[in-house]
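Below is one structure, written out as structure tokens; the observations come after it.
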Amino acid sequence: MKTTVTILLSLFLAFQASLSVGQPDLNTFVNPVIPGDHPDPTLTKVDNYFYTSGSSFNPTPKIYRSTDLVHWEVIAQPVKASWTTYGDTPGGGAWGGHTLYHHGQWWHYFGRGGGAMYFVTANSPTAAWSDPVELDRFGDLPPYGVDNSIFIDEDSGKWYLLTKAGHENNHIVELGEDGQPTGEFLDLTWLNPNAEDNPYGWAEGPVMWKHDDYYYYSFAEHLVGQQYVMRSDTLTDNPDDWEVMQGNMFRGSTGTFNRPNHISPAVTLEDGTSWVIGHSYHQSANWQAQGRQGLLIEVVYEDGWPIMQYPPTGATQAPDLENTRNIPWMVAKSDFFSTPRLSPHWSILGYLPEDQISLSERNGWIQLTPYQGYTSIIQNDGEHQYSIATHVDFEPETSSDQAGLWIINGPEGLQVKTYSSVNDEGTDVLGFSFDGTVHEVENTIGSAVWLKLVRNNHTAAGFFSEDGETWTQIGDDINILPIDRHQNDFNDFTGNQQGLFVVGKSALFDSYIYRDAYAPIMAGSPANFSGVSSAAESSYLASISHNDWAMYAGAQFGKSTSSSSSIDYDKTARQINITASSNAQGGIVDVWLGGINTGELIAAVEIENTESSANYQTFSAVTTEEITGSHDVYFHFKGEESASELFRIKHFSFSEEITTSNETNDREILPESYRLQQNYPNPFNPSTMISYQLPVSSDVSLKVFNILGREVATLVNTRVAAGQHQVQFDASSLSSGMYFYTLETNDFSKTRKMLLIK
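Just so we're aligned, residue 7 is where the sequence shown starts under our numbering, counting upward by one.
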């Protein structure tokens, strides 16, 4: 029998080891990790979490959180759209944004036009944030500028605002415990003087960090220019104490994102590696209007100087961190509006009084009321292929009254819309339009109707439905290339957005469905992948070899059981259908939810030879369980190791009805390794689910211990068959605190921690 001290020591060592477990997606990632518009990013590490924010401009800003730097979730909107100073102009709104913890509370600093800087505070980053407080000005110091950041000197405990206000006006302004400038500052106007024709452009977006006793001050030339850095072993404004590295910090050959800059401060991990979040437009002008997307980039120090490789087009080695919260990939999120407050993944387009949006007018619905013309809630339009759908209740009176789905560009002059309205003759219609092209059909369904907008690269299509099951297209497809191309004034600094809108009259919506799992999901543009490639404007997934993989984010299978939404969307998937071709021997697609080897293996689809790469056929497999909720779908490809291309995939979908046998699942569905997964949810109250997998039948012990190493529950103590398994842990009788759970077999032992909060 182990002693309490021995158990505590083994639990601690096991927990320490668990911190270095690799990513669920085979230790690599593909940029952008935050797709869509994420300009001027900052990065802060507080305890085991990373936080990033940045400029949002007219959409209200967001704070993102991660445990592994790859998977990010939106946790807060720090600035309210109802703040009267917010404004409502493309390219206006909030500039910059830095979230951090100091002096016992959370702070978020941002700029708002005219060089004015503000901060908001909160007791927790997920709690309600205060109203903005403007930073005091003093002496002859110029306006603070906009895309600034904060530096905390851990050695002295002091913190500083790094400002850029015009080409030459770089300053490091000391802050007090109240968040306001103390009146002390370091003058860096010598860095980029007008007399030398501003050698570093605007020297904008300044950030600072400390590494190996050096202070590093980095800045961008301009919004698409080079990234520079200087260093000093003393925090001073004496130019003789600073060295400036010659040339760009980025090295090597360029890929999809060829002009990265505006990096965040560098964060160093326990393994000694350093990382930043940077931004860059897409290399192709045809996708530049998606905005400056959030890139994860490793920093390597050579002779004391931090350098970075241009982000490659393909897979990159991920940080040695774990996705402990099981955060899905960052794309737009579905919503059934069942919470009392609007979910933070939504932004509001421009200034909006609070009473224009209501989640209490009708249970399970959100009501949008136009303000000065229209009201819209939006999310970043970060992907090339997807579908969005909604169920809207709307009674238009004039042809200018519209409610539905849209994609809107930064200058807000181009919109792709699927909507409900009336025509000039007073007939109820359902429409699909873009840039002067309008398709309308008579609405014979009534005020409550389903609408869908499908994007396939630069082509869009609009649909309507009475029940959300059978869809009818509204007119023809429309080429929407102009909305994806570079717009005026750098697209007014804002990328495309997607979401719900109303014009003229109020409307009610009871759902927003992103990537319907029961409609064709185009395979050519996976959110994350390794080994595979896209071809012909991403119309299919190609170059699929043995052990490659691809991930499709945010597929919506149905409402979760906890949702109280009013709509009937209690769907469950029982079969997956993959449309593929092969002029080789074909192969197997292992289908996982949530992560390869760490998630759930739900199906194995056998792809056979179709005699030609152009001859596509549909191959199906029954899932091992009923699937509902929202999931990232992973494909892990298997086949002849020497084959250069096993097969190609055009699209896939799921279905509620079973129309095929489950023979292929019986062959390939067993896991290849032991695995104990992180419990979900975590933190939890009072119950949580613990999942594990066994490659062979094993004698299994699964026990729970408290922080003192005392056993508080035995969940499994028997022989268990090979496969995926789940056990529910009910902690109703236990007090709040940290607990550990340990899985043991003859060949495997693993411990993880979980947090009970009552």
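In this text, a Cβ means the ideal position worked out from N, Cα and C, and glycines have one as well.
Spatial distance of residue i from residue j (CA atoms)
i, j, result
"W456", "R521", "15 Å"
"S344", "Q289", "39 Å"
"V27", "D407", "Confidence at V27 is low in this model, with a pLDDT of 32, below 50, so its placement is unreliable and no value can be given for it."
"R654", "Y92", "49 Å"
"T748", "P677", "19 Å"
"S340", "V435", "26 Å"
"I451", "A209", "57 Å"
"D137", "E174", "31 Å"
"W352", "Q385", "6 Å"
"A737", "N688", "13 Å"
"F658", "E418", "33 Å"
"G474", "A556", "28 Å"
"T169", "S162", "20 Å"
"L514", "E403", "15 Å"
"P317", "R298", "14 Å"
"G645", "I383", "45 Å"
"S393", "F641", "20 Å"
"I413", "Y107", "35 Å"
"W311", "I158", "21 Å"
"E750", "S648", "37 Å"
"T757", "L682", "8 Å"
"R716", "M760", "15 Å"
"Q29", "E160", "With a pLDDT of only 33 at Q29, under the threshold of 50, the placement of this residue in the model should not be trusted; the figure read from the coordinates follows. Answer to the nearest angstrom: the Cα atoms are 30 Å apart."
"V722", "N332", "23 Å"
"L14", "T274", "Bear in mind that the predicted position of L14 carries a pLDDT of just 40, short of 50, making it too unreliable to give a figure here."
"N615", "N553", "19 Å"
"A542", "L301", "At A542 the pLDDT is 49, less than 50, meaning the model places this residue with poor confidence; the figure from the coordinates comes in the next sentence. Answer to the nearest angstrom: the Cα atoms are 25 Å apart."
"G117", "Y124", "6 Å"
"N603", "R725", "21 Å"
"F144", "D243", "18 Å"
Of the residues the options, the one placed nearest residue i, counting alpha carbons only
i, options, result
"S531", "N553, G537, Y518 and Y546", "Y546"
"L194", "P187, D184 and Y223", "Y223"
"A525", "N37, N200, T585 and V305", "T585"
"Y150", "V52, E160, I178 and W135", "I178"
"W215", "A272, D184 and R257", "A272"
"A87", "P334, D554 and L348", "L348"
"P84", "G60, S72 and E160", "G60"
"I664", "E614, A590, Q581 and E472", "Q581"
"L762", "V639, N429 and F711", "F711"
"W112", "T127, P350 and G121", "T127"
"V230", "F735, D247 and I269", "I269"
"Y680", "T666, P692 and S697", "S697"
"G98", "V152, L75, N292 and I484", "V152"
"W135", "I69, W196, L275 and G189", "I69"
"S741", "F342, E249 and N691", "N691"
"T478", "P199, N449 and G432", "N449"
"E308", "Q232, H217, G300 and A321", "H217"
"H397", "K458, Q315, V538 and M744", "K458"
Residue i vs residue j beta-carbon contact at 8 Å
i, j, result
"D43", "G211", "no"
"Q294", "G388", "no"
"H637", "G592", "no"
"M255", "I313", "yes"
"V422", "I489", "yes"
"H445", "S439", "yes"
"M336", "H77", "yes"
"L374", "S512", "yes"
"K565", "T634", "yes"
"S626", "N583", "yes"
"G320", "V36", "yes"
Presumed contact (8 Å Cβ cut-off) between residue i and residue j, rounded CB distance
i, j, result
"R265", "Y234", "No, R265 and Y234 are not in contact; Cβ-Cβ is about 14 Å, not under 8 Å."
"L241", "P187", "No, L241 and P187 are not in contact; Cβ-Cβ is about 16 Å, not under 8 Å."
"Q391", "R461", "6 Å"
"Y206", "F191", "Not confirmed; about 20 Å, so no contact."
"V611", "V597", "7 Å"
"M50", "Y57", "For the record, residue 50 in the displayed sequence is Thr; it is not Met. Right, the Cβ-Cβ distance comes to about 5 Å (below 8 Å), so this counts as a contact."
"T694", "F735", "5 Å"
Segments assigned beta strand (DSSP E), at least 3 residues, entirely inside the segment 663 to 727: 693 to 700, 704 to 712 and 717 to 726
Could you tell me which uninterrupted beta strand (DSSP E) segments, each at least 3 residues in length, are contained entirely in the segment 494 to 567, listed from first to last along the chain? 503 to 509, 513 to 515, 534 to 536, 539 to 541, 546 to 548 and 555 to 564
Just to confirm the assignment: which complete beta strand (DSSP E) runs, minimum length 3, are found wholly within the segment 585 to 635? Considered as a whole, the segment 585 to 635 harbours 593 to 599, 606 to 613 and 618 to 633 as its complete beta strand (DSSP E) runs of no fewer than 3 residues, in chain order.
Counting only runs of 3+ residues fully inside the segment 157 to 213, write out the beta strand (DSSP E) ranges in chain order. 165 to 170, 176 to 181 and 187 to 193
Taking the runs of the beta strand (DSSP E) that are 3 residues or longer, which of them lie wholly in the segment 401 to 472? For the segment 401 to 472, whole beta strand (DSSP E) runs of length 3 or above, ordered along the chain, are 408 to 414, 421 to 428, 434 to 440, 443 to 448, 454 to 462 and 465 to 471.
Minimum length 3: unbroken beta strand (DSSP E) runs contained in the segment 729 to 764: 729 to 736, 743 to 750 and 755 to 762
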